[in-house]
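Participant: Here the sequence shown is numbered in numbering that gives the first Met the number 0, starting from 0 and rising by one per residue.
After the C-alpha coordinates below, expect a handful of questions from me.
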Amino acid sequence: MQQTTTPSGARFRYVLAILISGILLAAITGVIVYRRSGLSVSAQVPMFVAPSNELGWKQDLHYMTAEIPRRHINAFHTLTRAQFDRVVSELDSAIPTLDKDQILVGLMRITTMLGDGHTRIAIPPNFHSFPLEAYWFGNTLRVTKVAPQYRRALGTRVVQIEDTSIEDAYKAIRTLIPQVENDLWVRRFSPLFLVCAELLHGLRILPIANRGRYMFEDDTGNRFWVDLEPLPESQREADELRWLSAAKIEPLYMQQPNKDVWFSYLEANQTVFFKFNRAPGYWDFYRFSQRLLEVMDHRPVRRLVIDLRHNQGGDFTKIRWLFLPKLVERRYRRQCFACPREINRPGHLYVVIGRETYSAGVMNALELRDEASALLVGEPTGGRPNAYGEDRSFTLPNSHLVVSVSTRYYRLVQENTASLLPDQEIDLSWPDFLVGRDPVLAWVLAQPEDP
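In C-alpha coordinates:
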(Lines of atoms letter the chains of each structure in order from A; the text may use other names.)
(Lines give C-alpha, C1' and ligand atoms only; values in the text may rest on other atoms or scores of the structure.)
Protein backbone atom coordinates (compact mmCIF):
# COMPACT_ATOMS: atom_id res chain seq x y z
CA MET A 0 0.00 0.00 0.00
CA GLN A 1 1.39 3.39 -1.01
CA GLN A 2 2.34 5.68 1.85
CA THR A 3 1.33 9.26 1.18
CA THR A 4 2.37 12.17 3.33
CA THR A 5 0.05 15.18 3.37
CA PRO A 6 0.14 18.55 5.12
CA SER A 7 -2.29 17.16 7.69
CA GLY A 8 -1.73 15.38 10.99
CA ALA A 9 0.04 12.46 9.31
CA ARG A 10 2.85 14.71 8.18
CA PHE A 11 2.96 16.37 11.58
CA ARG A 12 3.44 13.02 13.32
CA TYR A 13 6.04 11.92 10.81
CA VAL A 14 8.04 15.13 11.07
CA LEU A 15 7.85 15.00 14.87
CA ALA A 16 9.21 11.47 14.80
CA ILE A 17 12.09 12.57 12.57
CA LEU A 18 12.87 15.48 14.86
CA ILE A 19 12.91 13.34 18.01
CA SER A 20 14.99 10.60 16.41
CA GLY A 21 17.38 13.19 14.99
CA ILE A 22 17.87 14.82 18.37
CA LEU A 23 18.48 11.43 20.00
CA LEU A 24 20.97 10.51 17.30
CA ALA A 25 22.77 13.81 17.76
CA ALA A 26 22.92 13.26 21.50
CA ILE A 27 24.40 9.81 21.03
CA THR A 28 26.85 10.50 18.22
CA GLY A 29 27.43 14.22 18.51
CA VAL A 30 26.83 14.73 14.80
CA ILE A 31 24.20 14.16 12.16
CA VAL A 32 25.41 13.81 8.61
CA TYR A 33 22.55 14.17 6.15
CA ARG A 34 23.71 15.55 2.83
CA ARG A 35 22.74 14.79 -0.71
CA SER A 36 23.18 16.24 -4.15
CA GLY A 37 21.01 15.96 -7.18
CA LEU A 38 23.36 13.46 -8.74
CA SER A 39 24.48 11.20 -5.93
CA VAL A 40 22.94 9.76 -2.82
CA SER A 41 25.96 10.22 -0.64
CA ALA A 42 29.43 11.65 -0.49
CA GLN A 43 30.61 8.04 0.13
CA VAL A 44 29.77 6.61 -3.30
CA PRO A 45 32.27 3.79 -4.01
CA MET A 46 34.52 3.59 -7.04
CA PHE A 47 33.04 2.10 -10.18
CA VAL A 48 34.52 -1.28 -11.14
CA ALA A 49 33.61 -2.57 -14.59
CA PRO A 50 32.69 -6.26 -14.44
CA SER A 51 35.18 -8.34 -16.41
CA ASN A 52 32.56 -10.30 -18.33
CA GLU A 53 28.95 -10.18 -19.44
CA LEU A 54 27.86 -12.50 -16.62
CA GLY A 55 28.89 -9.88 -14.04
CA TRP A 56 26.93 -7.18 -15.85
CA LYS A 57 23.87 -9.40 -16.17
CA GLN A 58 24.01 -10.21 -12.47
CA ASP A 59 24.04 -6.48 -11.71
CA LEU A 60 21.15 -5.84 -14.11
CA HIS A 61 19.02 -8.62 -12.62
CA TYR A 62 19.83 -7.59 -9.06
CA MET A 63 18.99 -3.92 -9.73
CA THR A 64 15.73 -4.65 -11.53
CA ALA A 65 14.62 -7.07 -8.82
CA GLU A 66 15.47 -4.72 -5.96
CA ILE A 67 13.92 -1.53 -7.36
CA PRO A 68 10.31 -2.82 -7.35
CA ARG A 69 10.87 -4.42 -3.95
CA ARG A 70 12.29 -1.29 -2.30
CA HIS A 71 10.41 1.49 -4.10
CA ILE A 72 7.14 2.64 -2.58
CA ASN A 73 5.43 2.66 -5.99
CA ALA A 74 7.91 1.81 -8.72
CA PHE A 75 5.41 1.72 -11.58
CA HIS A 76 3.74 5.09 -11.16
CA THR A 77 4.94 6.33 -14.56
CA LEU A 78 5.41 3.19 -16.68
CA THR A 79 3.83 -0.25 -16.50
CA ARG A 80 5.51 -3.39 -15.26
CA ALA A 81 5.30 -4.80 -18.79
CA GLN A 82 7.14 -1.78 -20.21
CA PHE A 83 9.78 -2.07 -17.51
CA ASP A 84 10.31 -5.79 -18.14
CA ARG A 85 10.58 -5.22 -21.89
CA VAL A 86 13.35 -2.61 -21.51
CA VAL A 87 15.20 -4.84 -19.04
CA SER A 88 14.99 -7.78 -21.44
CA GLU A 89 16.30 -5.65 -24.33
CA LEU A 90 19.33 -4.53 -22.31
CA ASP A 91 19.96 -8.08 -21.10
CA SER A 92 20.07 -9.31 -24.69
CA ALA A 93 22.30 -6.44 -25.84
CA ILE A 94 24.95 -6.70 -23.10
CA PRO A 95 27.28 -9.01 -25.11
CA THR A 96 27.52 -6.35 -27.85
CA LEU A 97 28.00 -3.29 -25.60
CA ASP A 98 31.01 -1.78 -23.87
CA LYS A 99 31.01 -0.75 -20.19
CA ASP A 100 29.91 2.85 -20.81
CA GLN A 101 27.04 1.76 -23.04
CA ILE A 102 25.85 -0.75 -20.44
CA LEU A 103 26.00 1.91 -17.73
CA VAL A 104 23.91 4.25 -19.89
CA GLY A 105 21.42 1.41 -20.36
CA LEU A 106 21.14 0.93 -16.60
CA MET A 107 20.68 4.67 -16.07
CA ARG A 108 17.92 4.79 -18.68
CA ILE A 109 16.01 2.13 -16.76
CA THR A 110 16.10 4.14 -13.52
CA THR A 111 15.22 7.33 -15.40
CA MET A 112 12.17 5.71 -16.98
CA LEU A 113 10.73 5.12 -13.52
CA GLY A 114 10.11 8.84 -13.42
CA ASP A 115 11.22 10.39 -10.14
CA GLY A 116 14.35 12.32 -9.32
CA HIS A 117 15.20 10.34 -6.20
CA THR A 118 15.35 7.05 -8.11
CA ARG A 119 18.65 7.08 -9.94
CA ILE A 120 22.19 5.77 -10.29
CA ALA A 121 24.86 7.92 -8.67
CA ILE A 122 27.69 9.14 -10.87
CA PRO A 123 30.79 7.30 -9.58
CA PRO A 124 33.65 9.41 -8.18
CA ASN A 125 36.19 7.88 -10.57
CA PHE A 126 34.36 9.08 -13.68
CA HIS A 127 35.90 11.87 -15.77
CA SER A 128 34.62 15.22 -16.99
CA PHE A 129 35.91 17.94 -19.27
CA PRO A 130 37.25 21.05 -17.49
CA LEU A 131 34.49 23.53 -18.15
CA GLU A 132 31.19 24.63 -16.63
CA ALA A 133 28.18 25.72 -18.65
CA TYR A 134 24.72 27.13 -17.98
CA TRP A 135 21.54 27.36 -20.03
CA PHE A 136 20.54 30.98 -20.64
CA GLY A 137 17.23 30.41 -22.38
CA ASN A 138 18.00 27.98 -25.20
CA THR A 139 21.69 28.90 -25.34
CA LEU A 140 24.34 26.90 -23.48
CA ARG A 141 27.15 29.26 -22.47
CA VAL A 142 30.57 28.42 -21.02
CA THR A 143 30.69 30.16 -17.63
CA LYS A 144 33.94 28.71 -16.26
CA VAL A 145 36.88 26.97 -17.85
CA ALA A 146 40.39 25.72 -17.09
CA PRO A 147 43.05 28.31 -18.06
CA GLN A 148 44.43 26.27 -20.97
CA TYR A 149 41.02 26.47 -22.67
CA ARG A 150 40.40 30.17 -22.06
CA ARG A 151 39.42 30.75 -25.68
CA ALA A 152 36.13 28.94 -24.98
CA LEU A 153 35.19 31.16 -22.02
CA GLY A 154 31.88 32.95 -22.55
CA THR A 155 31.15 31.26 -25.86
CA ARG A 156 28.14 29.22 -26.95
CA VAL A 157 28.48 25.44 -27.07
CA VAL A 158 27.45 24.46 -30.61
CA GLN A 159 28.52 20.87 -31.17
CA ILE A 160 30.22 17.85 -29.56
CA GLU A 161 32.09 15.80 -32.17
CA ASP A 162 29.49 15.17 -34.92
CA THR A 163 26.45 15.83 -32.71
CA SER A 164 24.76 19.21 -32.44
CA ILE A 165 24.25 20.49 -28.92
CA GLU A 166 20.48 20.22 -29.46
CA ASP A 167 20.74 16.51 -30.29
CA ALA A 168 23.26 15.93 -27.50
CA TYR A 169 20.80 17.55 -25.09
CA LYS A 170 18.01 15.24 -26.30
CA ALA A 171 20.26 12.23 -25.71
CA ILE A 172 21.28 13.41 -22.24
CA ARG A 173 17.62 13.93 -21.31
CA THR A 174 17.18 10.15 -21.35
CA LEU A 175 19.50 9.94 -18.32
CA ILE A 176 17.78 12.61 -16.19
CA PRO A 177 14.29 12.02 -14.73
CA GLN A 178 12.02 14.27 -16.78
CA VAL A 179 8.93 13.69 -14.69
CA GLU A 180 10.27 16.41 -12.42
CA ASN A 181 10.32 19.20 -15.04
CA ASP A 182 12.38 20.70 -17.83
CA LEU A 183 14.14 23.15 -15.52
CA TRP A 184 15.57 20.21 -13.56
CA VAL A 185 16.92 18.81 -16.82
CA ARG A 186 18.27 22.26 -17.72
CA ARG A 187 20.07 22.43 -14.39
CA PHE A 188 21.84 19.08 -14.59
CA SER A 189 22.29 18.50 -18.31
CA PRO A 190 25.38 20.78 -18.41
CA LEU A 191 27.07 18.40 -15.93
CA PHE A 192 26.22 15.37 -18.05
CA LEU A 193 27.24 17.14 -21.28
CA VAL A 194 30.84 17.24 -20.03
CA CYS A 195 30.95 13.72 -18.53
CA ALA A 196 33.24 11.67 -20.76
CA GLU A 197 31.88 8.22 -19.86
CA LEU A 198 28.25 9.22 -20.38
CA LEU A 199 28.95 10.92 -23.71
CA HIS A 200 30.86 7.85 -24.83
CA GLY A 201 28.08 5.56 -23.65
CA LEU A 202 25.60 7.62 -25.68
CA ARG A 203 27.88 7.23 -28.74
CA ILE A 204 28.44 10.99 -28.94
CA LEU A 205 32.16 10.54 -28.26
CA PRO A 206 34.03 7.87 -30.26
CA ILE A 207 36.47 7.45 -27.35
CA ALA A 208 36.12 8.44 -23.70
CA ASN A 209 39.54 10.04 -23.19
CA ARG A 210 39.11 12.98 -25.56
CA GLY A 211 36.31 15.29 -26.63
CA ARG A 212 36.13 17.70 -29.56
CA TYR A 213 33.78 20.61 -28.89
CA MET A 214 32.72 23.39 -31.27
CA PHE A 215 32.17 26.85 -29.77
CA GLU A 216 30.81 30.11 -31.19
CA ASP A 217 31.90 33.52 -29.95
CA ASP A 218 29.77 36.68 -29.98
CA THR A 219 31.07 37.69 -33.41
CA GLY A 220 29.69 34.49 -34.91
CA ASN A 221 33.12 32.90 -35.30
CA ARG A 222 33.06 29.12 -34.76
CA PHE A 223 36.07 27.05 -33.74
CA TRP A 224 36.96 23.60 -32.43
CA VAL A 225 38.75 22.81 -29.17
CA ASP A 226 40.07 19.37 -28.21
CA LEU A 227 39.44 18.81 -24.49
CA GLU A 228 40.98 16.24 -22.19
CA PRO A 229 38.81 14.97 -19.31
CA LEU A 230 39.88 15.03 -15.68
CA PRO A 231 39.06 12.56 -12.92
CA GLU A 232 36.55 14.05 -10.50
CA SER A 233 39.08 14.33 -7.67
CA GLN A 234 41.48 16.37 -9.82
CA ARG A 235 38.66 18.48 -11.23
CA GLU A 236 37.54 19.53 -7.75
CA ALA A 237 41.07 20.67 -6.90
CA ASP A 238 41.65 22.41 -10.24
CA GLU A 239 38.35 24.33 -10.19
CA LEU A 240 39.90 26.85 -7.81
CA ARG A 241 42.14 27.99 -10.68
CA TRP A 242 39.44 28.11 -13.33
CA LEU A 243 38.56 31.34 -15.11
CA SER A 244 35.06 32.78 -14.78
CA ALA A 245 33.17 34.76 -17.41
CA ALA A 246 31.59 36.85 -14.63
CA LYS A 247 33.53 40.02 -13.85
CA ILE A 248 32.51 39.85 -10.20
CA GLU A 249 30.79 37.21 -8.11
CA PRO A 250 27.28 38.20 -6.98
CA LEU A 251 26.38 37.75 -3.33
CA TYR A 252 24.30 34.60 -3.83
CA MET A 253 27.19 32.80 -5.58
CA GLN A 254 29.62 33.39 -2.74
CA GLN A 255 30.59 30.76 -0.16
CA PRO A 256 29.07 27.82 -2.09
CA ASN A 257 30.71 25.26 0.21
CA LYS A 258 29.03 26.61 3.34
CA ASP A 259 25.75 24.99 4.28
CA VAL A 260 24.20 28.20 5.61
CA TRP A 261 25.34 31.79 5.98
CA PHE A 262 23.85 35.25 6.18
CA SER A 263 24.87 38.81 5.50
CA TYR A 264 23.38 42.05 6.84
CA LEU A 265 23.02 44.62 4.05
CA GLU A 266 23.14 47.78 6.11
CA ALA A 267 22.36 50.23 3.31
CA ASN A 268 19.14 48.35 2.53
CA GLN A 269 18.33 47.21 6.08
CA THR A 270 18.06 43.70 4.67
CA VAL A 271 19.19 40.32 5.99
CA PHE A 272 20.25 37.95 3.19
CA PHE A 273 20.11 34.31 4.36
CA LYS A 274 21.68 31.77 1.98
CA PHE A 275 20.45 28.24 2.67
CA ASN A 276 22.45 25.82 0.49
CA ARG A 277 22.15 22.64 2.56
CA ALA A 278 20.86 21.68 5.97
CA PRO A 279 23.64 21.28 8.58
CA GLY A 280 23.24 19.23 11.76
CA TYR A 281 20.45 20.13 14.17
CA TRP A 282 22.60 21.82 16.77
CA ASP A 283 24.64 23.69 14.16
CA PHE A 284 21.46 24.98 12.52
CA TYR A 285 19.91 25.85 15.87
CA ARG A 286 22.93 27.97 16.81
CA PHE A 287 22.99 29.55 13.36
CA SER A 288 19.30 30.46 13.43
CA GLN A 289 19.71 31.97 16.90
CA ARG A 290 22.50 34.23 15.60
CA LEU A 291 20.44 35.25 12.60
CA LEU A 292 17.34 36.06 14.65
CA GLU A 293 19.45 37.97 17.14
CA VAL A 294 20.66 40.24 14.34
CA MET A 295 17.06 40.76 13.25
CA ASP A 296 16.06 41.65 16.80
CA HIS A 297 18.84 44.15 17.42
CA ARG A 298 19.44 45.87 14.09
CA PRO A 299 17.12 47.81 11.78
CA VAL A 300 15.67 45.18 9.43
CA ARG A 301 13.07 46.00 6.80
CA ARG A 302 13.18 42.71 4.95
CA LEU A 303 14.51 39.16 5.14
CA VAL A 304 15.59 37.34 1.98
CA ILE A 305 15.92 33.53 2.23
CA ASP A 306 17.75 32.20 -0.82
CA LEU A 307 16.98 28.58 -1.72
CA ARG A 308 18.33 28.73 -5.28
CA HIS A 309 20.99 26.09 -4.63
CA ASN A 310 19.04 24.03 -2.09
CA GLN A 311 18.59 20.52 -3.47
CA GLY A 312 16.99 19.25 -0.30
CA GLY A 313 18.09 16.78 2.30
CA ASP A 314 16.15 17.57 5.47
CA PHE A 315 13.13 19.87 5.55
CA THR A 316 12.70 19.70 9.33
CA LYS A 317 15.45 22.22 10.15
CA ILE A 318 13.49 25.19 8.80
CA ARG A 319 10.18 23.65 9.88
CA TRP A 320 11.07 23.19 13.54
CA LEU A 321 14.10 25.33 14.35
CA PHE A 322 13.52 28.53 12.37
CA LEU A 323 9.95 29.00 11.15
CA PRO A 324 8.26 29.01 14.60
CA LYS A 325 10.67 31.69 15.86
CA LEU A 326 10.08 33.74 12.73
CA VAL A 327 6.30 33.46 12.95
CA GLU A 328 6.15 34.40 16.63
CA ARG A 329 7.67 37.75 15.75
CA ARG A 330 4.28 38.63 14.38
CA TYR A 331 3.22 39.26 17.96
CA ARG A 332 6.34 41.05 19.19
CA ARG A 333 5.65 44.76 18.87
CA GLN A 334 8.50 45.89 21.10
CA CYS A 335 11.28 44.50 18.91
CA PHE A 336 14.16 46.98 19.18
CA ALA A 337 14.74 48.98 15.97
CA CYS A 338 12.21 46.71 14.27
CA PRO A 339 8.81 48.37 14.66
CA ARG A 340 7.04 46.00 12.26
CA GLU A 341 7.07 42.23 11.96
CA ILE A 342 9.04 40.65 9.13
CA ASN A 343 6.69 37.79 8.30
CA ARG A 344 4.14 39.72 6.25
CA PRO A 345 3.82 40.51 2.54
CA GLY A 346 6.54 42.79 1.23
CA HIS A 347 9.05 42.01 3.98
CA LEU A 348 9.85 38.30 3.64
CA TYR A 349 11.12 36.99 0.30
CA VAL A 350 12.12 33.45 -0.63
CA VAL A 351 14.26 32.98 -3.74
CA ILE A 352 13.72 29.76 -5.71
CA GLY A 353 15.10 28.38 -8.96
CA ARG A 354 15.90 25.44 -11.20
CA GLU A 355 18.10 23.84 -8.52
CA THR A 356 15.51 24.14 -5.73
CA TYR A 357 14.44 20.58 -5.15
CA SER A 358 12.91 18.12 -2.70
CA ALA A 359 13.16 19.53 0.85
CA GLY A 360 14.07 22.91 -0.65
CA VAL A 361 10.64 23.02 -2.32
CA MET A 362 8.97 21.96 0.93
CA ASN A 363 10.69 24.77 2.85
CA ALA A 364 9.67 27.33 0.22
CA LEU A 365 6.05 26.17 0.46
CA GLU A 366 6.00 26.36 4.24
CA LEU A 367 7.55 29.83 4.31
CA ARG A 368 4.97 31.00 1.78
CA ASP A 369 1.98 29.44 3.51
CA GLU A 370 2.91 30.02 7.15
CA ALA A 371 4.99 33.20 7.09
CA SER A 372 3.49 35.14 4.13
CA ALA A 373 6.70 34.93 2.10
CA LEU A 374 6.73 36.17 -1.49
CA LEU A 375 8.41 33.69 -3.85
CA VAL A 376 10.73 35.20 -6.46
CA GLY A 377 13.05 33.80 -9.12
CA GLU A 378 12.53 30.80 -11.40
CA PRO A 379 10.08 27.91 -11.07
CA THR A 380 11.60 25.14 -8.97
CA GLY A 381 13.39 22.14 -10.42
CA GLY A 382 11.39 19.84 -8.14
CA ARG A 383 7.67 19.16 -7.98
CA PRO A 384 5.67 20.09 -4.87
CA ASN A 385 4.01 16.65 -4.97
CA ALA A 386 6.83 14.18 -5.38
CA TYR A 387 8.48 10.92 -4.44
CA GLY A 388 11.39 11.18 -2.03
CA GLU A 389 13.16 9.85 1.07
CA ASP A 390 15.51 7.78 -1.08
CA ARG A 391 17.36 4.76 0.22
CA SER A 392 20.28 3.22 -1.63
CA PHE A 393 21.79 -0.14 -2.40
CA THR A 394 24.99 -1.16 -4.22
CA LEU A 395 25.24 -3.45 -7.23
CA PRO A 396 27.44 -6.44 -6.37
CA ASN A 397 29.91 -6.36 -9.27
CA SER A 398 30.16 -2.80 -10.63
CA HIS A 399 29.61 -1.19 -7.20
CA LEU A 400 27.22 1.31 -8.77
CA VAL A 401 24.97 2.91 -6.16
CA VAL A 402 21.24 2.89 -6.91
CA SER A 403 18.76 4.93 -4.90
CA VAL A 404 14.99 4.47 -4.80
CA SER A 405 12.18 6.54 -3.35
CA THR A 406 10.45 5.21 -0.26
CA ARG A 407 7.82 7.88 0.35
CA TYR A 408 5.39 10.11 -1.52
CA TYR A 409 4.73 13.69 -0.44
CA ARG A 410 1.52 15.38 -1.51
CA LEU A 411 1.87 18.99 -0.39
CA VAL A 412 -0.53 20.83 -2.71
CA GLN A 413 -3.91 19.95 -4.18
CA GLU A 414 -3.00 20.59 -7.81
CA ASN A 415 -0.32 18.31 -9.22
CA THR A 416 1.94 20.95 -10.79
CA ALA A 417 5.34 20.41 -12.42
CA SER A 418 6.98 23.17 -10.35
CA LEU A 419 6.41 25.48 -7.44
CA LEU A 420 5.88 28.74 -9.31
CA PRO A 421 7.26 32.07 -8.09
CA ASP A 422 4.96 35.00 -7.41
CA GLN A 423 7.43 37.10 -9.38
CA GLU A 424 9.37 35.25 -12.08
CA ILE A 425 12.84 36.65 -12.77
CA ASP A 426 15.35 34.95 -15.06
CA LEU A 427 19.11 35.33 -15.07
CA SER A 428 20.26 36.80 -18.39
CA TRP A 429 23.70 36.46 -19.95
CA PRO A 430 24.42 40.23 -19.66
CA ASP A 431 23.48 40.09 -15.95
CA PHE A 432 25.77 37.12 -15.40
CA LEU A 433 28.69 38.81 -17.16
CA VAL A 434 28.64 41.86 -14.88
CA GLY A 435 27.87 39.86 -11.72
CA ARG A 436 24.41 41.34 -11.26
CA ASP A 437 21.73 39.39 -9.40
CA PRO A 438 18.44 40.51 -10.97
CA VAL A 439 16.41 38.76 -8.26
CA LEU A 440 18.02 40.57 -5.33
CA ALA A 441 17.98 43.82 -7.32
CA TRP A 442 14.22 43.48 -7.79
CA VAL A 443 13.64 42.69 -4.12
CA LEU A 444 15.67 45.66 -2.90
CA ALA A 445 13.77 47.97 -5.26
CA GLN A 446 10.38 47.06 -3.80
CA PRO A 447 8.69 49.75 -1.70
CA GLU A 448 8.10 48.92 1.94
CA ASP A 449 4.48 48.17 2.78
CA PRO A 450 2.93 50.16 5.62
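Backbone N, C-alpha and C fix where the C-beta goes; we use that ideal spot for every residue, glycine too.
#1: Could you spell out the range, first to last residue, of the alpha helix (DSSP H) harbouring F192?
#2: So, does the stretch 141-156 touch the stretch 54-73, judging by three or more C-beta pairs under 8 angstroms?
#3: Tell me V351's beta-bridge partners as DSSP assigns them.
#4: Could you pull out every residue in the same chain whose Cβ sits closer than 8 angstroms to the Cβ of L97, ignoring the five residues on either side in sequence?
#5: Would you mind reading off the limits of the beta strand (DSSP E) that contains G388?
#6: To the nearest angstrom, report how far apart N257 and P279 are at their CA atoms.
#7: What does the Cβ neighbour count give for L348, buried or exposed, with the cut at 16 atoms within 10 Å?
#8: Just checking my contact of L251 with F275 at CB under 8 angstroms: how many whole Å lie between their CB atoms?
#9: Just mark G220 as buried or exposed, buried being the case when its beta carbon has 16 or more other beta carbons within 10 Å.
#10: On the three-state DSSP scale, how would you describe R332?
#11: Just tell me which of L90, M214 and H200 has its CA closest to the CA of A208.
#12: For the stretch 239-253 and the stretch 281-291, state whether three or more C-beta atom pairs, one from each stretch, are separated by less than 8 angstroms.
#13: Please state whether DSSP places Y213 in a helix, a strand or coil.
#14: Thinking just about the alpha-carbon of each residue, which of L303, R368, T416 and R354 is nearest to the one in G137?
#15: What are the boundary residues of the beta strand (DSSP E) that A133 is part of?
#16: With 16 other CB atoms within 10 Å as the buried threshold, where does A441 fall?
#17: Just mark S472 as buried or exposed, buried being the case when its beta carbon has 16 or more other beta carbons within 10 Å.
#18: In the DSSP assignment, find the unbroken beta strand (DSSP E) run with V260 in it and report its ends.
#19: Report the rounded CA-to-CA distance for E236 versus N181, giving the unit in angstroms.
#20: In the DSSP output, which residue or residues are listed as bridge partners for D226?
#21: From D390, A267, N397 and R203, pick the residue whose C-alpha is nearest to that of S358; which is it?
Facilitator: Quick answer:
#1: D182 to F192
#2: no
#3: D306 and V376
#4: G105
#5: A386 to T394
#6: The alpha-carbon separation between N257 and P279 amounts to approximately 12 angstroms.
#7: buried
#8: L251 to F275, Cβ: 14 angstroms. No contact.
#9: Exposed: under 16 other Cβ atoms inside 10 Å.
#10: Note that R332 scores 42 on pLDDT, short of 50, meaning its location in the model is unreliable and no value can be drawn from it.
#11: H200
#12: no
#13: strand
#14: R354
#15: Its beta strand (DSSP E) spans residues L131 to F136.
#16: Looking at its Cβ environment, which holds fewer than 16 other Cβ atoms inside 10 Å, A441 is exposed.
#17: Outside the shown range of the chain, which is 0 to 450, sits residue 472, and nothing can be said about it.
#18: V260 to L265
#19: 28 angstroms
#20: R212
#21: D390
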